[in-house]
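*Asks:* Dumping the structure here so I can ask a few things about it.
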Amino acid sequence: MRFDLTPEQRLFKEEVETFLRTHLPAAVAAKVKRGAAVSKAELTDWTRTLDAKGWAAPAWPVEHGGTGWNLIQRHLFDVACRAAHAPALSGFGFNMVGPAIIKFGTPQQQAEFLPKILHADLWFCQGYSEPQAGSDLASVRTRADKDGDDYVVNGSKIWTSGAELADWIFCLVRTNHEVQQQKGISFLLLDITSPGVTVKPLYAFNGKRLWNQVFFEDVRVPIAQRLGDEDRGWTVAKSLLGDERLMVSRVSETKRMLGLLKDALQEQAERGVMLPESLQNEVDALEIRLHALEMTSLRILTEADAGAQIGAEPSMLKLKGSELVQAQDELLFRIVDYLALPQDSTNTGAAAVNPAWAEFVASGRYHHRGYTIAGGSSEVQHNIIAKQVLGL
Ligand SMILES: Cc1cc2nc3c(=O)[nH]c(=O)nc-3n(C[C@H](O)[C@H](O)[C@H](O)COP(=O)(O)OP(=O)(O)OC[C@H]3O[C@@H](n4cnc5c(N)ncnc54)[C@H](O)[C@@H]3O)c2cc1C
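Per this note's numbering, the very first residue in the sequence shown carries number 4; after that it's consecutive.
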């Protein structure tokens, strides 16, 4: 397939690239490029810079403060942002609960939450998974029992990314125990500082606090904070991904990483490190895979923009995208070689020899292992493709 940008799309891409060149702080971009953590303050500032331009919420309609862009524009924007090493904004607010509030929220809920998400005044995290409910999400047990104008919530959520930074959490809770699993779930918006909420850290094996477990003990949540109808939370949860379901290829991220791979190869050569020539062939092979993934993704996005109903094909993008990130990680790790080792110069007094670009390669490699699980595991994607795409 050939995909050429139209003149309008090319202008749009140039406008975004110019904006990034002039507005993205160099210090923040340098951190993202190295794989170092960006602080909440830095991400807040960047969110506000984009909001001032009207570009913070590419997935939202204009009347709610979004861009109203189509999927291809969103793809181009995302690729340009990642190529410039801009930090990604909070997906929980902008891509998940924001669109759900737009679709299912009351006018009061929309007026209350949407401007705060846009301005990074309010950060959400996602309370779906539970110790006994992951792939089989409909078996959530955290319960919400009505008491006057409130629900009383008891239970716990696990693998909650970013709960330590979040002000609110959106949760799937069981409000009806009498009906079939999916039919007894409601969707609540909950202030994470409410009495009875406890957030405990969970650390990944790269030493980072990637998740939390969130406990609820008799937490009172006003009924007015339910999104959508009672016992219809499954509908909200399903639609929550909305178009985001189509944006799962990680093409923009893998393009950025391919640039890092090429830089690393060159830097090692400049340092005089003898690496096997075959490594260049491996980089080329990954680039071909990336090109195929991008073409498939663009084909699906173009069809969706033209009004086609997209079935389960995005599961292929999710699967191939996460596999490609991990293949790139493995290669980068091999190119970086011993420089990925932590340094201890306390005994020798020697100056550190690790270049900055090698510092977080190992950590990133471990972090990205989670991509095959988060957002629906690879096994589950295989099941979906087998049944719904291949008809097996
Ligand atoms: C980096 C990361 C961030 C996350 N962030 C969040 C978050 O912010 N909020 C949140 O709510 N959750 C989050 N999660 C949790 C994530 O959604 C779950 O891990 C995921 O849904 C899988 O559930 P589980 O861990 O309970 O595994 P299980 O569902 O118990 O699966 C265990 C294994 O069995 C396999 N399996 C399960 N069902 C089937 C089947 N039908 N056929 C074949 N194989 C199957 C799975 O593929 C997996 O290998 C995050 C996970 C990761 C890795």
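All C-beta atoms, glycine included, are put in the ideal place defined by N, C-alpha and C. Since we're looking at a predicted model, the values are computed, not measured.
Would you call S300 buried or exposed, if buried means 16 or more other Cβ atoms sit within 10 Å of its Cβ?
*Replies:* For the purposes of this step, residue 300 is taken as the residue at position 297 of the sequence shown. S300 should be labelled buried.
*Asks:* Can you tell me the Cα-Cα spacing of R223 and D148, whole angstroms?
*Replies:* As a working mapping, residue 223 is identified with position 220 in the sequence shown. As a working mapping, residue 148 is identified with position 145 in the sequence shown. Answer to the nearest angstrom: the Cα atoms are 10 Å apart.
*Asks:* Can we count Y341 as close to ligand 1, meaning its CB is less than 7 Å from some heavy atom?
*Replies:* Position 338 of the sequence shown, counting from 1, holds the residue named residue 341. Answer for Y341: no, Cβ out of range of ligand 1.
*Asks:* When you compare each of R51, P61, D232 and N73 to G310 by their alpha carbons, which one comes out closest?
*Replies:* For the purposes of this step, residue 310 is taken as residue 307 along the sequence shown, with counting starting at 1. Nearest C-alpha to G310: N73.
*Asks:* Count the C-beta pairs between the region 240-258 and the region 22-41 that are closer than 8 Å, then say yes if the count reaches three, no if not.
*Replies:* These segments do not touch.
*Asks:* Going by beta-carbon coordinates alone, are S159 and Q111 separated by less than 8 Å?
*Replies:* Walking along the sequence shown from the start, residue 159 turns up at place 156. Walking along the sequence shown from the start, residue 111 turns up at place 108. No, the pair does not count as a contact, with Cβ atoms beyond the cut-off.
*Asks:* Decide yes or no for the touch test of the region 55-73 against the region 129-145: beta carbon pairs closer than 8 Å, at least 3 of them.
*Replies:* At 8 Å Cβ cutoff, the stretches do not touch.
*Asks:* Smallest Cα separation from E247: which of K321, W214, K265 and N209?
*Replies:* Counting from one through the sequence shown, the residue named residue 247 turns up at place 244. For the residues K321, W214, K265 and N209, the minimum Cα distance to E247 belongs to K321.
*Asks:* Hey, R5 and W360 are a contact pair by Cβ (cut 8 Å); roughly how many whole angstroms apart?
*Replies:* Translated into positions along the sequence shown, residue 5 becomes position 2. Translated into positions along the sequence shown, residue 360 becomes position 357. R5 to W360, Cβ: 34 Å. No contact.
*Asks:* Quick check on the burial criterion: 16 or more other C-beta atoms within 10 angstroms. Buried or exposed for V392?
*Replies:* Against the sequence shown, residue 392 aligns to sequence position 389. So V392 counts as exposed.
*Asks:* Check whether the Cβ of S164 lies closer than 7 Å to any heavy atom of ligand 1, and answer yes or no.
*Replies:* As a working mapping, residue 164 is identified with position 161 in the sequence shown. Answer for S164: yes, Cβ within range of ligand 1.
*Asks:* List the endpoints of the continuous beta strand (DSSP E) containing R223.
*Replies:* For the purposes of this step, residue 223 is taken as residue 220 along the sequence shown, with counting starting at 1. Note, R223: beta strand (DSSP E), W214 to P225.
*Asks:* Thinking W237 and I161 are a contact (beta carbons under 8 Å), I'd like their distance in whole angstroms, please.
*Replies:* To locate residue 237, count along the sequence shown from 1; it is residue 234. To locate residue 161, count along the sequence shown from 1; it is residue 158. About 19 Å separates the two Cβ atoms, so there is no contact after all.
*Asks:* Is any non-hydrogen atom of ligand 1 found closer than 7 Å to the C-beta of V200, if you look at the structure I gave you?
*Replies:* The residue given as residue 200 occupies position 197 in the sequence shown. Checking the Cβ of V200 against ligand 1 gives no.
*Asks:* Once DSSP output is grouped into helix, strand and coil, what is the label at G158?
*Replies:* Here residue 158 corresponds to residue number 155 of the sequence shown, with the count starting at 1. Reduced to three states, the DSSP call for G158 is strand.
*Asks:* L304 bridges to which residues according to DSSP?
*Replies:* Counting from 1 along the sequence shown, the entry for residue 304 is found at position 301. DSSP output for L304 lists no bridge partner at all.
*Asks:* Less than 8 Å separating the beta-carbons of K16 and A83?
*Replies:* Counting from one through the sequence shown, the residue named residue 16 turns up at place 13. Counting from one through the sequence shown, the residue named residue 83 turns up at place 80. The answer is yes: Cβ separation under 8 Å.
*Asks:* Can you look up G71 in the DSSP assignment and give me helix, strand or coil?
*Replies:* Within the sequence shown, residue 71 is the residue found at index 68, counting from 1. Looking at G71 - three-state DSSP - the assignment turns out to be coil, as it is neither helix nor strand.
*Asks:* What do you reckon, is the C-beta of E256 under 7 Å from a heavy atom of ligand 1?
*Replies:* On the sequence shown, residue 256 is found 253 positions in, with the first residue counted as 1. Incorrect: E256 has no Cβ contact closer than 7 Å to ligand 1.
*Asks:* By the DSSP assignment, the beta strand (DSSP E) with L192 in it spans what residues?
*Replies:* Taking the sequence shown and counting its residues from 1, one reaches residue 192 at position 189. Its beta strand (DSSP E) spans residues I188 to D194.
*Asks:* Looking at N445 and ligand 1, is the gap between the Cβ and the nearest heavy atom below 7 Å?
*Replies:* An answer regarding residue 445 cannot be provided, because it is not within the stretch 4 to 395 covered by the chain.
*Asks:* Cα-Cα, which of M260, R337 and V19 is closest to H78?
*Replies:* Counted from its first residue, the sequence shown places residue 78 at position 75. Answer by Cα proximity: V19.
*Asks:* Which of the three DSSP states is assigned to Q135 in this structure?
*Replies:* The count along the sequence shown starts at 1 and reaches residue 135 at position 132. DSSP places Q135 in coil when its eight states are reduced to three.
*Asks:* For a test of your reading of the model: does the CB of L213 fall under 7 Å from any non-hydrogen atom of ligand 1? Yes or no.
*Replies:* Taking the first residue of the sequence shown as position 1, residue 213 is located at position 210. The answer is yes for L213.
*Asks:* Since V239 is in the beta strand (DSSP E), which residue starts that stretch and which ends it?
*Replies:* Along the sequence shown, one-based indexing puts residue 239 at 236. No beta strand (DSSP E) holds V239; the alpha helix (DSSP H) holding it covers G236 to L243.
*Asks:* Leaving out the 5 sequence neighbours to the left and right, which residues in its chain are closer than 7 Å to Y369 when beta-carbon positions are compared?
*Replies:* Counting from 1 along the sequence shown, the entry for residue 369 is found at position 366. Same-chain partners within the cutoff: A207, F208 and N209.
*Asks:* Going by the C-beta, is Y154 closer than 7 Å to any heavy atom of ligand 1?
*Replies:* In the sequence shown, residue 154 corresponds to position 151, counting from 1. Answer for Y154: no, Cβ out of range of ligand 1.
*Asks:* Short of 6 Å in beta carbon distance, which residues of its chain neighbour T201, apart from the five on each side in sequence? Order them along the chain.
*Replies:* Along the sequence shown, one-based indexing puts residue 201 at 198. So the list reads F218, once near-sequence residues are dropped.
*Asks:* Run through the region 97-122 for me and flag every whole alpha helix (DSSP H) of 4 or more residues, listed as ranges in chain order.
*Replies:* Counting whole runs of 4 or more residues, the region 97-122 contains the alpha helix (DSSP H) stretches 101-107 and 110-121.
*Asks:* Compute the Euclidean distance between the alpha carbons of E362 and S42, then round it to the nearest angstrom.
*Replies:* As a position in the sequence shown, residue 362 is number 359, starting the count at 1. As a position in the sequence shown, residue 42 is number 39, starting the count at 1. Answer to the nearest angstrom: the Cα atoms are 18 Å apart.
*Asks:* For ligand 1, any of its heavy atoms closer than 7 Å to the Cβ of A377?
*Replies:* Residue mapping note: residue 377 aligns to position 374 of the sequence shown, counting from 1. Checking the Cβ of A377 against ligand 1 gives yes.
*Asks:* Starting from L263, follow the alpha helix (DSSP H) in both directions and report where the run begins and ends.
*Replies:* Sequence index remark: in the sequence shown, residue 263 carries index 260 (1-based). L263 -> alpha helix (DSSP H) spans V254 to E273.
*Asks:* Can you list, in chain order, the residues of its chain whose CB lies under 8 Å from that of A330, leaving out five sequence neighbours each side?
*Replies:* The residue you call residue 330 lines up with position 327 of the sequence shown. Excluding positions up to five away in sequence, the list reads L289 and R292.
*Asks:* Taking K241 as the reference, which of G379, Q113, D152 and L263 has the closest Cα?
*Replies:* For the purposes of this step, residue 241 is taken as the residue at position 238 of the sequence shown. K241 has its Cα closest to that of G379, out of G379, Q113, D152 and L263.
*Asks:* Taking the alpha-carbon positions, what's the L175 to H294 distance?
*Replies:* Reading the sequence shown from its first residue, position 172 is the one you call residue 175. Reading the sequence shown from its first residue, position 291 is the one you call residue 294. Cα to Cα, L175 sits roughly 37 Å from H294.
*Asks:* Spell out the partners DSSP gives P64 in its beta bridges.
*Replies:* Translated into positions along the sequence shown, residue 64 becomes position 61. Paired residue(s): none; P64 is not in a bridge.
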